[in-house]
Amino acid sequence: MAGICNLCGLPEELCICQEIAKEQQTAVISTARRRYGKMVTIVDGIEDTAIDINQLAKTLKSACASGGTVKGRVIELQGEHKKRAAKVLEQNGYRVEVR
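Note that our numbering has the sequence shown beginning at 39, numbered continuously upward.
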């Protein structure tokens, strides 16, 4: 038997907490120049704990075919991947702002 979600009180297979959390946030995508002139794409603004940020980072790294890391609640991707990251986040239900 499946458990009950602690946030919404629905059975886990019917839980909609992650979808609601995605819709309520805006992911901000920007780039920065790091050490030795390397470009880094930064995904910020994903604050809710209902979202597994490590799994999201894994999805983004796979889609962008690059390395990256999670520092706090910020995802850093190696290279210039604004458009690709925005497309993946929109497909996963996030609102996206590209700076």
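Heads up, the beta-carbon is just placed ideally off N, CA and C, and yes, glycines get one too.
Query: With DSSP collapsed to three states, give me the class of E118.; Result: coil
Query: In chain order, which continuous runs of the alpha helix (DSSP H) of length 4 or greater are located wholly inside the region 51–108?; Result: 55–61 and 91–102
Query: Terminal residues of the continuous beta strand (DSSP E) containing R111?; Result: Counting along the chain, R111 falls outside any beta strand (DSSP E), and DSSP gives it neither H nor E.
Query: Just reading off the beta strand (DSSP E) that R137 is part of, what are its end residues?; Result: Where R137 is concerned, there is no enclosing beta strand (DSSP E), given that its DSSP letter is neither H nor E.
Query: Kindly give me the distance between the Cβ atoms of I31 and A124, rounded to whole angstroms, as I take these residues to be in contact under 8 Å.; Result: No answer is possible for residue 31: it lies beyond the span of the chain, which begins at 39 and ends at 137.
Query: Might you give, ordered along the chain, the residues of its own chain that have their beta carbon closer than 7 Å to the beta carbon of V126, omitting 5 neighbours on each side?; Result: T97, L98 and A101
Query: Near L48, which residues of its chain fall below 8 Å by C-beta distance, leaving aside the five closest residues on each side in sequence?; Result: I42 and I54
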